[in-house]
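Colleague: Taking the working numbering, the leading residue of the sequence shown gets 1, the next gets one more, and so forth.
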Amino acid sequence: MAAELTAHQLIAQHRPTLDQALEAIRTRAYWSPHPEHPKAYGENGSLDAAAGKAAFDALLDSRLDLGQPGTDDWVGGETSPYGIELGVTYPHADVDTLLPAMRAGQRAWRDAGAEMRAVVCLEILKRISDRTHEFAHAVMHTSGQAFMMAFQAGGPHAQDRGLEAVAYAYVEQVRTPDNAEWTKPQGKRDPLALTKRFTPVPRGVALVIGCNTFPTWNGYPGLFASLATGNAVLVKPHPRAVLPLALTVQVAREVLAEAGFDPNLVALAAERAGEGIAKTLATRPEIRIIDYTGSTAFGDWLEANARQAQVYTEKAGVNTVLVESTDNYKGMLSNLAFSLSLYSGQMCTTPQNLLIPRDGIRTEEGPRSYDEVVADLARSVGGLLGDDARANGLLGAIVNPDVKARLEAAAGLGEVALASREIANPEFPDAVVRTPVIVKLDGAKPDDQAAFMNECFGPVSFAVAVDSAADAVALLRRTISSKGAMTVGAYTTSEEVEEAVQEACLEECAQLSLNLTGGVYVNQTAAFSDFHGSGGNPAANAALCDGAFVANRFRVVEVRREA
Numbered sequence: 001m002a003a004e005l006t007a008h009q010l011i012a013q014h015r016p017t018l019d020q021a022l023e024a025i026r027t028r029a030y031w032s033p034h035p036e037h038p039k040a041y042g043e044n045g046s047l048d049a050a051a052g053k054a055a056f057d058a059l060l061d062s063r064l065d066l067g068q069p070g071t072d073d074w075v076g077g078e079t080s081p082y083g084i085e086l087g088v089t090y091p092h093a094d095v096d097t098l099l100p101a102m103r104a105g106q107r108a109w110r111d112a113g114a115e116m117r118a119v120v121c122l123e124i125l126k127r128i129s130d131r132t133h134e135f136a137h138a139v140m141h142t143s144g145q146a147f148m149m150a151f152q153a154g155g156p157h158a159q160d161r162g163l164e165a166v167a168y169a170y171v172e173q174v175r176t177p178d179n180a181e182w183t184k185p186q187g188k189r190d191p192l193a194l195t196k197r198f199t200p201v202p203r204g205v206a207l208v209i210g211c212n213t214f215p216t217w218n219g220y221p222g223l224f225a226s227l228a229t230g231n232a233v234l235v236k237p238h239p240r241a242v243l244p245l246a247l248t249v250q251v252a253r254e255v256l257a258e259a260g261f262d263p264n265l266v267a268l269a270a271e272r273a274g275e276g277i278a279k280t281l282a283t284r285p286e287i288r289i290i291d292y293t294g295s296t297a298f299g300d301w302l303e304a305n306a307r308q309a310q311v312y313t314e315k316a317g318v319n320t321v322l323v324e325s326t327d328n329y330k331g332m333l334s335n336l337a338f339s340l341s342l343y344s345g346q347m348c349t350t351p352q353n354l355l356i357p358r359d360g361i362r363t364e365e366g367p368r369s370y371d372e373v374v375a376d377l378a379r380s381v382g383g384l385l386g387d388d389a390r391a392n393g394l395l396g397a398i399v400n401p402d403v404k405a406r407l408e409a410a411a412g413l414g415e416v417a418l419a420s421r422e423i424a425n426p427e428f429p430d431a432v433v434r435t436p437v438i439v440k441l442d443g444a445k446p447d448d449q450a451a452f453m454n455e456c457f458g459p460v461s462f463a464v465a466v467d468s469a470a471d472a473v474a475l476l477r478r479t480i481s482s483k484g485a486m487t488v489g490a491y492t493t494s495e496e497v498e499e500a501v502q503e504a505c506l507e508e509c510a511q512l513s514l515n516l517t518g519g520v521y522v523n524q525t526a527a528f529s530d531f532h533g534s535g536g537n538p539a540a541n542a543a544l545c546d547g548a549f550v551a552n553r554f555r556v557v558e559v560r561r562e563a
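#1: With ARG131 and LEU47 assumed to form a contact (beta carbons below 8 Å), what rounded beta-carbon distance in angstroms separates them?
#2: Let me confirm a value: HIS137 is counted as buried when at least 16 other C-beta atoms fall within 10 Å, else exposed. Which label applies?
#3: How many Å lie between GLY155 and TRP182 at the Cα?
#4: Buried or exposed, going by whether 16 or more other CB atoms sit within 10 Å of the CB of TYR312?
#5: Is there contact between the region 199-218 and the region 152-170, where contact requires at least three CB pairs shorter than 8 Å?
#6: Measure the beta-carbon distance from PRO351 to LEU340 and round it to whole angstroms, keeping in mind my assumption that it falls under 8 Å.
#7: For the alpha helix (DSSP H) holding GLN308, just list the boundary residues, first then last.
#8: At what residue ranges does the region 255-295 contain a whole run of the beta strand (DSSP E), taking only runs of 3 or more?
#9: Taking 8 Å as the cut-off, does the region 457-464 touch the region 436-444 (at least 3 CB pairs, one atom from each stretch)?
#10: Helix, strand or coil for LEU512, going by three-state DSSP, please let me know.
#11: Can you find a CB in chain B that lies within less than 7 Å of the CB of LEU476?
#12: How many angstroms separate the CA atom of GLN159 from the CA atom of VAL166?
#13: Would GLY83 pass as a contact of GLY396 if the rule is Cβ separation under 7 Å?
#14: Any contact between the region 316-329 and the region 489-504? By contact I mean 3 or more CB pairs, one from each, below 8 Å.
#15: Confirm, please, whether the CB-CB distance from ILE290 to LEU354 is below 7 Å.
#16: Please give the ranges of any alpha helix (DSSP H) in the region 454-507, keeping only runs that are unbroken, at least 4 residues long and fully inside the region.
#17: With distances taken between CB atoms, is the gap from ALA337 to VAL381 smaller than 7 Å?
#18: Assuming ALA297 contacts LYS236 (C-beta within less than 8 Å), just tell me the rounded distance between them.
#19: Just confirm the distance between the C-beta atoms of GLY76 and VAL88, as a whole number of angstroms; I'd bet it's less than 8 Å.
#20: From the DSSP output, in three-state form, read off MET1 for me.
#21: Give every residue of the same chain whose Cβ lies closer than 7 Å to the Cβ of VAL251, excluding the five residues on either side of it in the sequence, and list them in chain order.
#22: Could you please give the first and the last residue of the uninterrupted alpha helix (DSSP H) stretch that includes VAL205?
#23: Which of the three DSSP states, helix, strand or coil, is assigned to ASN218?
#24: Could you work out which residue in GLU303, GLU558 and ALA526 is closest to HIS34 when comparing CA atoms only?
#25: Would you grab the beta carbon distance between GLY393 and ALA146 for me? Rounded to a whole angstrom, and I think it's under 8 Å.
#26: Give the range of the alpha helix (DSSP H) segment to which ASP73 is assigned.
#27: Looking only at DSSP bridge pairs, what is GLN186 linked to?
#28: Helix, strand or coil: which one does DSSP assign to LYS315?
#29: Output the distance between the C-alpha atoms of ASP65 and PRO263, rounded to the nearest integer angstrom.
#30: Flag this pair as yes or no: are the beta carbons of TYR168 and CYS505 separated by less than 7 Å?
#31: Quick one: what's PHE452 bridged to in DSSP?
#32: Might you give, ordered along the chain, the residues of its own chain that have their beta carbon closer than 6 Å to the beta carbon of ALA542, omitting 5 neighbours on each side?
#33: By Cβ distance, which residues of its chain are closer than 7 Å to ALA469, with the 5 residues on each side in sequence left out?
In structure tokens form, the structure reads like this:
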């Protein structure tokens, strides 16, 4: 196929964006090239709200033919958490045919160099960005996120994380020069002289194992980190959330072909119901990199069994907030209420355990007992979600029956401070929408410890009474060390307590947010500035995004000859 996108065109269009991304990761200042507001779309080739919805509707009950080699069947079966059947079918691959085809294009992709790979990736992201409204509906109806969250987290925020990975990949690849002249003096003899060439070479085929809750946000970092470092990428979506990643693969294949590369550098591995191909793919010798987001059990299995691959996992942890004192009590309650409610607690960063001294906390309004703090927080959540229309916009839908079962079981674990209630969604009558439950537990009781020391994914929070701030910090340390945490929060006006919490997080390697009372929440992170996870505790072995996330996806091979 003749190239439709020349290197000159791609570099001219996307090099300025790449340079801005490189500056952003250097300074950690706010920057994003992807608009968050839905009304920003509709010009320069991008789809507006109506066109995006029409494009999504046109996908329903259709066959998404990607033109992949080795297609031996068509599979589907996604049902939206909002109650509609998507009816989209995808190619099922004979991997013995597909994987060799994917490897065939790697030489030309490797030889293209770091800059060309980066700008091709940016063109892929630009085309995805133009279809953000369409992708938002695809994310909404596979994850259960409310539309605005699906639009922002599944669109611009996911695209930012993909671009961030490209920027880090570029930095690591150009750290070593392409060529070097080496001369070593030999006294009276002629010097030794060598010409050296250094080439970043890919590890092989990368496997992205997608998740149900954030298919693009969690999928894009690994996908683009591997592609930008020269690897072919096989995308294995979660069977309940295929569509957003299938559309991503479709766009990537189109761009690669137009740029003169083999489209099989990116391919989809959809599966039949109950087939469970992730383990089979993960242990194939061709798979040299794996990116996975999901349960701890399967993440641990991958780390133990996919020995031929470099494995990057984001698993699960027990996220904790320590509440010791505050000088903005209402702001603290409002911030926590939103953090507990957003997307029905179905974020890997949502707080689960709230550690509160049983003797109460200090506030600018005077002391508040443990019972008062918990009751006030319950009222704050109730007020936030009191209007059903607003609640639907914040909560979205419960993504699967397991989350609903955990929510219902949590009420039997202790005294219920805030009961969960069912909310009707007039637009989607079959959606399962539930408000959070808050359960009071005692940090000193073994039975209660058994409950709050394990992850309870979903809209479930435990208000854990502890003897003192020191006991809270000790429990925080133990939780991070044994269970891991993607996020930690703390509220304190005490320099001593702040230092103790900070030291615990530094030593146990957990990301900490202090005294958030405004419009920034502990369960949200910004690309180019915040690290998502640390890679240093059991919740994840990688961070999004740092140099370590990309540097081991390639190796540098040297060819030297006498000058």
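For each residue, glycine too, the CB sits at the ideal point set by N, CA and C.
Modeller: Considering the structure as presented:
#1: Residue numbering aside, residue 131 sits at position 131 when the sequence shown is read from its first letter. Residue numbering aside, residue 47 sits at position 47 when the sequence shown is read from its first letter. Contact holds; Cβ gap of about 6 Å.
#2: Working through the sequence shown from its first residue, we reach residue 137 at position 137. HIS137 is buried by the Cβ-count criterion.
#3: Position 155 of the sequence shown holds residue 155. Position 182 of the sequence shown holds residue 182. The C-alpha of GLY155 lies about 47 Å from the C-alpha of TRP182.
#4: Sequence index remark: in the sequence shown, residue 312 carries index 312 (1-based). TYR312 counts as buried, since no fewer than 16 other beta carbons sit within 10 angstroms of its beta carbon.
#5: When C-beta atoms of the region 199-218 are compared with those of the region 152-170, three or more pairs fall below 8 Å, so the two segments count as touching.
#6: Counting from 1 along the sequence shown, the entry for residue 351 is found at position 351. Counting from 1 along the sequence shown, the entry for residue 340 is found at position 340. Rounded, the Cβ-Cβ distance is 6 Å, consistent with contact.
#7: In the sequence shown, counting from the first residue as 1, residue 308 sits at position 308. Unbroken run through GLN308: none, as it is neither H nor E.
#8: Counting only runs that start and end inside the region 255-295, the beta strand (DSSP E) elements of at least 3 residues fall at 266-268 and 287-293.
#9: By the C-beta criterion, the region 436-444 is judged to be in contact with the region 457-464, since at least 3 inter-stretch pairs fall below 8 Å.
#10: Here residue 512 is taken as the residue at index 512 of the sequence shown, counted from 1. The answer is strand: DSSP assigns LEU512 an E or B state.
#11: Any reference to chain B falls outside this structure, which holds one protein chain only.
#12: Position 159 of the sequence shown, counting from 1, holds the residue named residue 159. Position 166 of the sequence shown, counting from 1, holds the residue named residue 166. Roughly 11 Å between the two C-alpha positions.
#13: Walking along the sequence shown from the start, residue 83 turns up at place 83. Walking along the sequence shown from the start, residue 396 turns up at place 396. Cβ atoms of GLY83 and GLY396: not closer than 7 Å.
#14: Cβ pair count under 8 Å is three or more, so yes.
#15: In the sequence shown, the residue the question calls residue 354 occupies position 354. In the sequence shown, the residue the question calls residue 290 occupies position 290. Against a cut-off of 7 Å, the Cβ pair of ILE290 and LEU354 comes out as no contact.
#16: Complete alpha helix (DSSP H) runs here, min 4: 469-483.
#17: Within the sequence shown, residue 337 is the residue found at index 337, counting from 1. Within the sequence shown, residue 381 is the residue found at index 381, counting from 1. Yes, Cβ-Cβ distance for ALA337 and VAL381 is below 7 Å.
#18: Against the sequence shown, residue 297 aligns to sequence position 297. Against the sequence shown, residue 236 aligns to sequence position 236. Between LYS236 and ALA297 the Cβ distance is about 17 Å, and since that is not below 8 Å, they are no contact.
#19: Reading the sequence shown from its first residue, position 76 is the one you call residue 76. Reading the sequence shown from its first residue, position 88 is the one you call residue 88. Correct: roughly 5 Å between the Cβ atoms.
#20: By 1-based counting over the sequence shown, the position of residue 1 is 1. Low per-residue confidence applies at MET1: pLDDT is 41, beneath 50, and the placement is therefore not dependable, though the value from the model is reported in the following sentence. For MET1, the three-state secondary structure derived from DSSP is coil.
#21: Here residue 251 refers to the residue found at position 251 of the sequence shown. Only ILE124, ARG127 and ILE128 meet the Cβ criterion.
#22: On the sequence shown, position 205 is the one that residue 205 refers to. Going by DSSP, VAL205 is part of no alpha helix (DSSP H) but of the beta strand (DSSP E) stretching over 205-209.
#23: Here residue 218 corresponds to residue number 218 of the sequence shown, with the count starting at 1. In this structure, ASN218 counts as helix in the three-state DSSP scheme.
#24: Counting from 1 along the sequence shown, the entry for residue 34 is found at position 34. Checked all of GLU303, GLU558 and ALA526; the closest Cα to HIS34 is ALA526.
#25: Translated into the one-based positions of the sequence shown, residue 393 becomes position 393. Translated into the one-based positions of the sequence shown, residue 146 becomes position 146. Confirmed, about 5 Å.
#26: Within the sequence shown, the letter at position 73 stands for residue 73. Taken as a continuous stretch (DSSP letters only), ASP73 belongs to no alpha helix (DSSP H), being part of the beta strand (DSSP E) at 71-76.
#27: Position 186 of the sequence shown, counted from the first residue, corresponds to residue 186. Paired residues: ARG189.
#28: The residue given as residue 315 occupies position 315 in the sequence shown. It is coil, neither helix nor strand.
#29: Numbered from its first residue, the sequence shown carries residue 65 at position 65. Numbered from its first residue, the sequence shown carries residue 263 at position 263. If you take the alpha carbons of ASP65 and PRO263, they lie about 13 Å apart.
#30: Sequence index remark: in the sequence shown, residue 168 carries index 168 (1-based). Sequence index remark: in the sequence shown, residue 505 carries index 505 (1-based). Result no, Cβ atoms of TYR168 and CYS505 do not sit closer than 7 Å.
#31: Residue 452 sits at position 452 when you count from the first residue of the sequence shown. In the DSSP output, where bridge partners are listed per residue, PHE452 has none listed.
#32: Taking the first residue of the sequence shown as position 1, residue 542 is located at position 542. Correct list, in chain order: TYR312, GLY535 and PHE549.
#33: Against the sequence shown, residue 469 aligns to sequence position 469. Contacts found: GLU324, PRO357 and VAL497.
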